[in-house]
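In terms of full-length UniProt numbering, the sequence shown has 142 at position 142, counting the first letter as 1, and numbering is strictly consecutive.
Glycine included, C-beta positions come from ideal geometry on N, C-alpha and C.
Working notes, beginning with the structure itself.
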Amino acid sequence: MEENCILPDDLLQHILSRLPVRDLLRGRCVSKDWCALIDSPSFIRKHYQVQTSICKADGNMPHFVNQVGQKLGRVVSFHLLSIHQGDVSTLDLDEDIARDSNDMLSCGHDYDEQYFASCNGCVNGVILLTLKDNDRDRKRDCFGLWNPATREFKSLAYPNVRNCFEVVGFGFDVLSSDFKILGAYEIFNPEPVTYYEVYSLRTSAWKPLGAPPIGRITLPVTDAYLNGVFYWSTVPEYGSGRLVSFNFSSEIFKESDIPEDAKSRVRYDFEIMIALYKESIALFMSHEVQGKAAICKNVDVWVVTGFDDCGIPLSWQHLFTVGPTPANFRLDVLTTRVDGDLLLVYVYEGTDNSHNTHHVELDREEYLYNPSTAEFKYFGIGNWATYYRYAESLFPLSRRLIQS
Numbered sequence: 001m002e003e004n005c006i007l008p009d010d011l012l013q014h015i016l017s018r019l020p021v022r023d024l025l026r027g028r029c030v031s032k033d034w035c036a037l038i039d040s041p042s043f044i045r046k047h048y049q050v051q052t053s054i055c056k057a058d059g060n061m062p063h064f065v066n067q068v069g070q071k072l073g074r075v076v077s078f079h080l081l082s083i084h085q086g087d088v089s090t091l092d093l094d095e096d097i098a099r100d101s102n103d104m105l106s107c108g109h110d111y112d113e114q115y116f117a118s119c120n121g122c123v124n125g126v127i128l129l130t131l132k133d134n135d136r137d138r139k140r141d142c143f144g145l146w147n148p149a150t151r152e153f154k155s156l157a158y159p160n161v162r163n164c165f166e167v168v169g170f171g172f173d174v175l176s177s178d179f180k181i182l183g184a185y186e187i188f189n190p191e192p193v194t195y196y197e198v199y200s201l202r203t204s205a206w207k208p209l210g211a212p213p214i215g216r217i218t219l220p221v222t223d224a225y226l227n228g229v230f231y232w233s234t235v236p237e238y239g240s241g242r243l244v245s246f247n248f249s250s251e252i253f254k255e256s257d258i259p260e261d262a263k264s265r266v267r268y269d270f271e272i273m274i275a276l277y278k279e280s281i282a283l284f285m286s287h288e289v290q291g292k293a294a295i296c297k298n299v300d301v302w303v304v305t306g307f308d309d310c311g312i313p314l315s316w317q318h319l320f321t322v323g324p325t326p327a328n329f330r331l332d333v334l335t336t337r338v339d340g341d342l343l344l345v346y347v348y349e350g351t352d353n354s355h356n357t358h359h360v361e362l363d364r365e366e367y368l369y370n371p372s373t374a375e376f377k378y379f380g381i382g383n384w385a386t387y388y389r390y391a392e393s394l395f396p397l398s399r400r401l402i403q404s
């Protein structure tokens, strides 16, 4: 006698969690039980964790990037960038964005110059995009949350305060299962004061947070979000600088100091950046050092080894130093690959002698740096503006995530 073979729930979830989103969306039609399982918040979280782990194991974590064109500050297109065993591949996503947003975010080289599009973060496979209208009278600025895997796009209202409003953080409130956006704007009264507002996808509304007593923070260009907390560095003044964190669940800012050991290694002014290194928050400190013949630059890399309950860094460890490099170069860290390589950019002054203008412009060259071998590999001049790690997910945008 033949018996129906029914897989245990745990085994079924394990198998399904390894499938791509496209197959799972089709699998919802198999049965009501499969549909309920695939749509359940617990499976959605498990699937994303497994997909992220697969990318890490392969040493190939894709990045969602902006490509900047010839005109200053104009984003030309969006791509999915992959680096696997030294080979670089890019997937153009402009048509996908235009399709899923019903042409609201039509990018590419023929993009309407009245608009400016940018990416402000990627969390749980959901990408935050911004569309700004250069004609301030039309007031058509908006945000869009986009899940490329499910092809779901949700347009979000801009806050009432529009003057110089910038997104400074995008994250996920793990307690309420809610995507949130943190934005900032300045009011001069008479000195500039920075105010903050937070958007909740669950409530579809912006909420003012006031003006917390923190320094002016640097805008993120890559991942600085970990376990529901976003991190920034304050703009250094007179050789100082602090760290700022924002917890998306408590919606509270906290300030902390950079490690004393890091400051003790620095003799000159420095620049700091906060980003992910592997699966830890890292501090990248760029500073000048005295070389054998001239002043050079190093980048010290520190990682957090301990946090308090609110996500504030308590202890640090120095991992390695990049450099030395010529002092006339500005060395910036763009992003980190999962296997530990850094994507660096050298920014230096180049002279445009066309039409005898002798105009000074900034040129850039990008390199992959392997900390184990201290080797640099030329990456190209891609004019990428922002880098955010991406793994596909089932996280929905049109309905509330209910905790299981």
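Going straight from the alpha carbon of residue i to that of residue j, what length do you get?
| i | j | result |
| --- | --- | --- |
| Q70 | W384 | Note that Q70 scores 49 on pLDDT, short of 50, meaning its location in the model is unreliable; the coordinates nonetheless yield the value given after this. Taking the straight line joining both Cα atoms gives about 12 Å. |
| Y390 | V123 | 8 Å |
| S42 | A36 | 11 Å |
| T234 | L243 | 6 Å |
| G108 | F78 | Confidence at G108 is low in this model, with a pLDDT of 45, below 50, so its placement is unreliable and no value can be given for it. |
| F172 | F379 | 32 Å |
| A157 | V168 | 17 Å |
| L128 | G228 | 16 Å |
| D223 | E279 | 11 Å |
| I54 | N102 | 32 Å |
| W321 | K263 | One detail in the question is off: residue 321 reads as Thr in this sequence, not Trp. Taking the straight line joining both Cα atoms gives about 14 Å. |
| F395 | R22 | 13 Å |
| T335 | S31 | 42 Å |
| V360 | T325 | Legend: pLDDT at V360 = 45, less than 50; position of this residue unreliable, no value from coordinates given. |
| Y195 | P213 | 10 Å |
| V221 | Y388 | 8 Å |
| D363 | N247 | 37 Å |
| G210 | D10 | 46 Å |
| I252 | S40 | 30 Å |
| R28 | F270 | 53 Å |
| T90 | S82 | 6 Å |
| Y367 | T218 | 23 Å |
| R151 | R26 | 14 Å |
| R337 | Q49 | 17 Å |
| P313 | S256 | 7 Å |
| E375 | V333 | 15 Å |
| H84 | E260 | 37 Å |
| P190 | P208 | 21 Å |
Looking at residue j and residue i, is the spacing between their C-beta atoms short of 9 Å?
| i | j | result |
| --- | --- | --- |
| H47 | L16 | yes |
| F170 | Y231 | no |
| C164 | T386 | no |
| Y199 | I187 | no |
| V266 | H287 | yes |
| I272 | M285 | yes |
| S372 | G340 | yes |
| V304 | L319 | no |
| G323 | V345 | no |
| D197 | G183 | The sequence given here places Glu at residue 197; Asp does not occur at that position. Yes, Cβ-Cβ distance for E197 and G183 is below 9 Å. |
| W34 | D100 | no |
| P159 | G125 | no |
Residue i lies in the beta strand (DSSP E); which residues open and close that run?
| i | result |
| --- | --- |
| residue 425 | Past the boundaries of the shown model lies residue 425; the chain is included only from 1 to 404, so the question cannot be answered. |
| P41 | Note, P41: premise wrong, no beta strand (DSSP E); alpha helix (DSSP H) at 41-58. |
| L209 | 205-210 |
| D87 | 87-92 |
| Y388 | 384-389 |
| S176 | Segment: none, S176 is in no beta strand (DSSP E) and carries neither H nor E. |
| F230 | 229-233 |
Specify, as a first and last residue, the run of the alpha helix (DSSP H) that residue i falls within.
| i | result |
| --- | --- |
| I217 | Careful: I217 lies outside any alpha helix (DSSP H) and carries neither H nor E. |
| V21 | 21-27 |
| A262 | 260-264 |
| D10 | 9-16 |
Quick one: what's residue i bridged to in DSSP?
| i | result |
| --- | --- |
| K254 | S245 |
| I181 | F170, Y199 |
| K154 | L145 |
| N66 | F78 |
| G121 | L128 |
| E186 | T194 |
| V30 | Looking at the DSSP assignment, V30 forms no beta bridge with any residue, so it has no partner. |
| I376 | For the record, residue 376 in the displayed sequence is Phe; it is not Ile. Y369. |
Can you check the stretch 266-324 for any beta strand (DSSP E) of at least 3 residues that lies completely inside it and give the ranges in chain order?
Within the stretch 266-324, the complete beta strand (DSSP E) runs of at least 3 residues are 270-277, 280-290, 295-307.
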